[in-house]
Amino acid sequence: MTDVLVAEIQAALGPRGWLDPADAGSLLTGWRGTYSGTPILVARPDTVEGVQEVVRACARHGATVVSQGGNTGLSGGSVPIDDPSDGRPSVLLLTSRLNRIVSVDPARFTITAEAGCTIEQVQQAAAAVGQQLAMDWGARGTATVGGAISTNAGGLNVLRFGNTRRHVLGLEAVLADGRVFDGLRALRKDNTGYDLKQLFIGAEGTLGVVTRAVFELQPAMPHHRSLFAALAGLDTVTDLYGLARSIDPGGLTAFELVPEMGVGVAVDVLDVVRPIGTRAEWYLLARFSGSEPVTDTVTRFLSEAVERGYVTDAVVADTASQEANLWTLRDELPPETLFDSRGAKFDAAVPIDRIPGFQRSVEAIAERLCGPEAVTFSFGHLGDGNLHVYVLASLEPGGRLAPDLVESVTAAVDAVIWELGGTISAEHGVGQDLLGRLPGQKSQVEFDLMRAVKAAIDPTDLFNPGKGAQTIEHSTRPA
Ligand SMILES: Cc1cc2nc3c(=O)[nH]c(=O)nc-3n(C[C@H](O)[C@H](O)[C@H](O)COP(=O)(O)OP(=O)(O)OC[C@H]3O[C@@H](n4cnc5c(N)ncnc54)[C@H](O)[C@@H]3O)c2cc1C
Numbered sequence: 174m175t176d177v178l179v180a181e182i183q184a185a186l187g188p189r190g191w192l193d194p195a196d197a198g199s200l201l202t203g204w205r206g207t208y209s210g211t212p213i214l215v216a217r218p219d220t221v222e223g224v225q226e227v228v229r230a231c232a233r234h235g236a237t238v239v240s241q242g243g244n245t246g247l248s249g250g251s252v253p254i255d256d257p258s259d260g261r262p263s264v265l266l267l268t269s270r271l272n273r274i275v276s277v278d279p280a281r282f283t284i285t286a287e288a289g290c291t292i293e294q295v296q297q298a299a300a301a302v303g304q305q306l307a308m309d310w311g312a313r314g315t316a317t318v319g320g321a322i323s324t325n326a327g328g329l330n331v332l333r334f335g336n337t338r339r340h341v342l343g344l345e346a347v348l349a350d351g352r353v354f355d356g357l358r359a360l361r362k363d364n365t366g367y368d369l370k371q372l373f374i375g376a377e378g379t380l381g382v383v384t385r386a387v388f389e390l391q392p393a394m395p396h397h398r399s400l401f402a403a404l405a406g407l408d409t410v411t412d413l414y415g416l417a418r419s420i421d422p423g424g425l426t427a428f429e430l431v432p433e434m435g436v437g438v439a440v441d442v443l444d445v446v447r448p449i450g451t452r453a454e455w456y457l458l459a460r461f462s463g464s465e466p467v468t469d470t471v472t473r474f475l476s477e478a479v480e481r482g483y484v485t486d487a488v489v490a491d492t493a494s495q496e497a498n499l500w501t502l503r504d505e506l507p508p509e510t511l512f513d514s515r516g517a518k519f520d521a522a523v524p525i526d527r528i529p530g531f532q533r534s535v536e537a538i539a540e541r542l543c544g545p546e547a548v549t550f551s552f553g554h555l556g557d558g559n560l561h562v563y564v565l566a567s568l569e570p571g572g573r574l575a576p577d578l579v580e581s582v583t584a585a586v587d588a589v590i591w592e593l594g595g596t597i598s599a600e601h602g603v604g605q606d607l608l609g610r611l612p613g614q615k616s617q618v619e620f621d622l623m624r625a626v627k628a629a630i631d632p633t634d635l636f637n638p639g640k641g642a643q644t645i646e647h648s649t650r651p652a
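Under my numbering, the first residue of the sequence shown carries the number 174, and numbering increases by one thereafter.
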């Protein structure tokens, strides 16, 4: 069966349209290196019709389809699971050749792009007409339109412009029976029934293959200033955030937390410069943007922040290279790029005023369960109440937290997140990574509804089997 399927897809896509898995190298392993899988073929269609051919062939022969964009997802969603209990072979469907900007329409403030376009490619096409795609994060040069939609990616601008869901006006996807769901309308208003495109946003490739999307563009904000400030402590960040928003409600476009631990290592191992001499446990990296100069806004914000005792020292980037230095520092903070140390990882969101208490609780859990050597490394999208937290054995290269400790730390921290009314996956999705933890996150009703949606749209579980929240049968969340 597999030989026939492989031959059919190869014939349909032509010699450039597929790869032998033996030649696929890093495509078979997720970005964090924690998940790998073995497809029978890597398909690289360059048209929607090609995607339909792959999906129909897989459906006919009882194989499964795993979509992959830039493979920067952090939850193991983009590589197949080698699951003997399923027994079906999988085809890895790469969108890298679906990489055309279809149209840019500045009069409508929209852009239409194929699923394999990188986020940076779409940003550049928007900038070329004096507008902006306000989705942005460190993996912009590799992460794709299809991946961003399928993970409902967040990133650096969420507090001002929202996550991916807020930017998508329409999308197109190939369904399990090979038909095309054409939701590629560029309308801001359309109350003609269920908003079906929303189902594909954040579905992690479990309902179909996203092939094209229309994004809403924003007017360019030509003036922006980024600042880096040493914080007096974490306890006043909510007040600091309130101050920033009150000084310029629409102009605050990023509000990120950076730890000294990350600055120290980044300065040692990367080509970045320490932004200020003053050392603090925590720093704020923020940006104000606008159609008019924002220098006065930044000055007013910093002087009030110092006066109120929230900030002890700060620097404002004056040149493009200083600005690039600040944002490179932020982009490179994930420990997977900074340290060769592994442990328990959290992508938590809690109400912003709970952030200081949350951080203290994780530090206490780490010390209690792992001893004083353990390190709690936190950074991220403070303005969204979203912290990426890692409990590591140490910062020494090769440090590994023992699996039983990862498990006990994870259980204890998840319990704290739920107690604070938060979520264990703010923006990285579920993939394979969170399956064991997810039953405590949502109610039985929510899991039942998600399973019903999956059964209605992909009844044979063709797409990305074994991954995503809809695989959970029983909630363990107290009623
Ligand atoms: C350095 C770094 C920084 C990051 N920062 C952030 C951040 O700030 N915020 C954030 O939200 N994420 C962040 N991420 C995670 C990642 O970049 C996003 O999840 C991104 O959206 C993944 O896009 P991708 O194209 O790489 O998708 P992939 O990793 O290829 O796939 C992710 C999921 O989407 C599915 N998928 C991909 N393409 C399609 C398609 N066309 N149709 C259907 N399903 C599809 C896959 O099956 C998989 O389940 C970061 C990652 C890195 C490496």
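All C-beta atoms in this analysis are idealised placements derived from N, C-alpha and C, irrespective of residue type, glycine included.
As the structure is a prediction and not an experimental result, all values here were calculated from the model.
Whole-angstrom distance between residue j and residue i, CA atom to CA atom
{"i": "D557", "j": "A405", "result": "20 Å"}
{"i": "A403", "j": "R447", "result": "12 Å"}
{"i": "V399", "j": "E480", "result": "Reading the sequence as shown, one finds Ser at residue 399 and not Val. Approximately 20 Å, taken between the alpha carbons."}
{"i": "T409", "j": "G320", "result": "36 Å"}
{"i": "E477", "j": "P218", "result": "55 Å"}
{"i": "G639", "j": "G375", "result": "16 Å"}
{"i": "V653", "j": "D631", "result": "What the structure shows of the chain is the stretch from 174 to 652, and residue 653 is not part of that stretch, so it cannot be assessed."}
{"i": "S263", "j": "T237", "result": "5 Å"}
{"i": "Y483", "j": "L413", "result": "7 Å"}
{"i": "T549", "j": "V582", "result": "11 Å"}
{"i": "T317", "j": "S209", "result": "20 Å"}
{"i": "Q605", "j": "V471", "result": "42 Å"}
{"i": "P612", "j": "I645", "result": "7 Å"}
{"i": "V467", "j": "A301", "result": "23 Å"}
{"i": "G351", "j": "G223", "result": "10 Å"}
{"i": "V387", "j": "T283", "result": "7 Å"}
{"i": "F620", "j": "V488", "result": "47 Å"}
{"i": "E465", "j": "H397", "result": "9 Å"}
{"i": "L200", "j": "T451", "result": "42 Å"}
{"i": "G437", "j": "L443", "result": "10 Å"}
Range of the contiguous beta strand (DSSP E) that encloses residue i
{"i": "T472", "result": "That residue, T472, is in no beta strand (DSSP E); its alpha helix (DSSP H) goes T468 to E480."}
{"i": "T337", "result": "Unbroken run through T337 is the alpha helix (DSSP H), T337 to H340; no beta strand (DSSP E)."}
{"i": "T549", "result": "V548 to H554"}
{"i": "P432", "result": "L425 to P432"}
{"i": "V238", "result": "T237 to Q241"}
{"i": "V564", "result": "N559 to L565"}
Residue i - DSSP class collapsed to helix/strand/coil
{"i": "D577", "result": "helix"}
{"i": "Q605", "result": "coil"}
{"i": "L201", "result": "helix"}
{"i": "F640", "result": "The sequence shown places Lys at residue 640, not Phe. It is coil, neither helix nor strand."}
{"i": "L214", "result": "strand"}
{"i": "A286", "result": "strand"}
{"i": "L647", "result": "Here the sequence assigns His to residue 647, which means Leu is not the residue at that position. H647 falls in the coil class under three-state DSSP."}
{"i": "D520", "result": "strand"}
{"i": "P529", "result": "helix"}
{"i": "N498", "result": "helix"}
{"i": "I322", "result": "helix"}
{"i": "I274", "result": "strand"}
{"i": "D486", "result": "strand"}
{"i": "E619", "result": "helix"}
{"i": "S534", "result": "helix"}
{"i": "L458", "result": "strand"}
{"i": "Q614", "result": "coil"}
{"i": "P392", "result": "strand"}
{"i": "R398", "result": "strand"}
{"i": "R515", "result": "strand"}
{"i": "A439", "result": "helix"}
{"i": "D309", "result": "strand"}
{"i": "A629", "result": "helix"}
{"i": "G343", "result": "strand"}
{"i": "A588", "result": "helix"}
{"i": "T245", "result": "coil"}
{"i": "G463", "result": "strand"}
{"i": "G190", "result": "helix"}
{"i": "V264", "result": "strand"}
{"i": "P316", "result": "According to the sequence displayed, residue 316 carries Ala and not Pro. Here A316 sits in coil by DSSP."}
Extent of the continuous alpha helix (DSSP H) run through residue i
{"i": "D176", "result": "T175 to L186"}
{"i": "K370", "result": "K370 to F373"}
{"i": "S419", "result": "V410 to I420"}
{"i": "A299", "result": "I292 to A300"}
{"i": "V331", "result": "V331 to F334"}
{"i": "V227", "result": "V221 to H234"}
Below-8 Å beta-carbon distance, residue i vs any chain D residue
{"i": "I449", "result": "Checking the listed chains, one finds no chain D in this structure; it contains a single protein chain."}
What alpha helix (DSSP H) runs, 4 residues minimum, are completely inside the segment 345-387? 370-373
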